[in-house]
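One structure is given here, and the rest of the page talks about it.
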Amino acid sequence: MVVLAGGVGGAKFTLGVRAALSRLGAPEATVVVNTGDDLWLSGVRVQPDIDSVLYALAGQNDTGRGWGRAGDTERVNAELQAWDAGWPWFTLGDLDLGTHLARTGWLREGLTVTQVVARLSRRWPLGVRMLPMTDSEVDTHVVTADGRMHFQEWWTRHRAKLTPLAFENPGIARAAPAPGVLEAIAGADVVLLAPSNPVVSIGPILAVPGVRDAVRAATRVVGVAGVISGAVVRGMADVCLTAIGVQTRSDAVAAHYGARSAGGLLDAWVMAEEDADLAPAVAALGIRPVVAALWMTDVAASADIVDAALSAD
Ligand code: GDP
Ligand code: CA
4 MVVLAGGVGG AKFTLGVRAA LSRLGAPEAT VVVNTGDDLW LSGVRVQPDI
54 DSVLYALAGQ NDTGRGWGRA GDTERVNAEL QAWDAGWPWF TLGDLDLGTH
104 LARTGWLREG LTVTQVVARL SRRWPLGVRM LPMTDSEVDT HVVTADGRMH
154 FQEWWTRHRA KLTPLAFENP GIARAAPAPG VLEAIAGADV VLLAPSNPVV
204 SIGPILAVPG VRDAVRAATR VVGVAGVISG AVVRGMADVC LTAIGVQTRS
254 DAVAAHYGAR SAGGLLDAWV MAEEDADLAP AVAALGIRPV VAALWMTDVA
304 ASADIVDAAL SAD
């Protein structure tokens, strides 16, 4: 199985993938994680989505806050602010900074991003193989009426309040999929699109040259809706969808990914019970609708969603 995932939503879903696979006694899954959110800050490489998935699989994530390490402190961050270094609105926890320093050191020694992620995967038994989408540095920029900025500035500093006109990944056309990504997709019985942000989490992964075609050629592709009752569960995917002209509605997101039979990606779309009335519209697109409970309230609930996705044939 291959899962394409962003950060927090992708992490919750990946926990369900691991649990569902262990229930089935089935082997290995690979999660291909968005790296379009990555940034350099105070001299260290920060990979928000990689770390969200890593910490969640390791059981080290702060479930209350929704990001970062459980029990983290901010002593170094306070010093950085006192020096007027970095971004005052972007907190780097002390334990989290340990990860960033380790990563940056390995990058400086010449390891690729894939090799760094493999090293980060050694400390805790993750049960799932993590791959970055690419070894290249690819940013996500948000174009607004007030100028162009890094995605993290738009999201964390401006709280997504500046209306986005476009999302861009400069240089992505020259990026290559990380080693193993295309092979994993080609060898998978099923590729799952996590209920992650379709624009800034799944979008960049599919935009890495070769990935979309590989997914289109995969054995089976099932997407899971991150939109329930016309709203996102958390985050700013609604604002992102509006910017690319897609309504925040389950059938509209399914249409955005498209039916494989019509040049798109999806064989099936797992949609929320609350949206059951939209199932005929999804079927009319040539995508098999699968209606399920989509609130990832705990690992068991996420695993049930994965089971529903696997039940689609
Ligand atoms: P980020 O990179 O941290 O922003 O996280 P992702 O892109 O991986 O996930 C964000 C998406 O996950 C949002 O669009 C949410 O609507 C979706 N999401 C979060 N929690 C849930 C949930 O419990 N159920 C479903 N179906 N989607 C969820
Ligand atoms: Ca993200």
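Going by the numbering used here, the sequence shown opens with residue 4, and the numbers climb by one from there.
Backbone N, C-alpha and C define an ideal beta-carbon position, used for all residues, glycine too.
A quick note: this is a predicted structure, and the numbers were derived from the prediction, not measured.
Among G174, R151, L7, G28, which one has its Cα closest to the Cα of P167?
R151
Out of curiosity, what's the CA-to-CA distance linking R160 and G28?
For R160 and G28, the distance between alpha carbons rounds to 44 Å.
Is any heavy atom of ligand 2 found at a distance shorter than 7 Å from the C-beta of G206?
no
Apart from the five residues just before and just after V309, which ones in its own chain have a Cβ nearer than 6 Å to its Cβ?
G19, V20, A23
In three-state terms, what does DSSP make of I247?
coil
Let me make sure I understand the geometry here. Which of Q63, F93, I231 has the alpha-carbon closest to that of W43?
F93
For R252, is the classification buried or exposed, using 16 other Cβ atoms within 10 angstroms of its Cβ as the cut-off for buried?
buried
Please state the DSSP three-state secondary structure of R291.
strand
Boundaries of the beta strand (DSSP E) in which L44 is found, first to last residue
Residues 42-44.
Cα-Cα separation between S204 and A61, rounded to whole angstroms:
21 Å
Do P51 and G108 have their beta-carbon atoms positioned less than 8 Å apart in this structure?
No, they are not a contact pair.
Using the C-alpha atoms, what's the distance from S55 back to W70?
The C-alpha of S55 is placed about 6 Å away from the C-alpha of W70.
Write down the C-beta distance between L134 and G183 rounded to the nearest angstrom, noting that I regard them as a contact closer than 8 Å.
6 Å
So, helix, strand or coil for W157, using DSSP?
helix
Can you check DSSP and say which residues form a bridge with R132?
T33
For a quick check, are the C-beta atoms of V227 and M4 less than 8 Å apart?
no
On a CA-only basis, which of V6, V131, M274 is nearest S232? Give me that one, please.
Residue nearest to S232 within the set V6, V131, M274 is M274 (criterion: CA-CA distance).
Within the same chain, show all residues whose beta-carbon is closer than 7 Å to that of D97, passing over the 5 residues directly before and after it, in chain order.
D75, T76, E77, R78, V79
Using the DSSP secondary-structure output, state which residues sit across from A8 in a beta bridge.
Partner(s): V36.
Quick check on the burial criterion: 16 or more other C-beta atoms within 10 angstroms. Buried or exposed for A176?
Within 10 angstroms of the beta-carbon of A176 lie fewer than 16 other beta-carbons, which makes it exposed.
Beta-carbon of D216 versus every beta-carbon of chain C: anything under 8 Å?
This model lacks chain C altogether, as it is built from one protein chain only.
Measure the C-alpha to C-alpha separation of E31 and T245 and round it to an integer number of angstroms.
A direct Cα-Cα distance of roughly 36 Å separates E31 from T245.
Quick check: is any heavy atom of ligand 2 less than 7 Å from the C-beta of D52?
yes
Measure the alpha-carbon distance for A286 versus D278 and round it to whole angstroms.
13 Å
Indicate, with yes or no, if ligand 2 has a heavy atom lying under 7 Å from the CB of D216.
no
Length of the line joining the Cα atoms of Q84 and G46
14 Å
What do you reckon, is the C-beta of N172 under 7 Å from a heavy atom of ligand 1?
no
Among residues of its own chain, excluding the 5 on either side of N64, which ones have a beta-carbon nearer than 8 Å to its beta-carbon?
A14, S55, Y58, W70, G71, R72, A73
Can you tell me the Cα-Cα spacing of D41 and L297, whole angstroms?
28 Å
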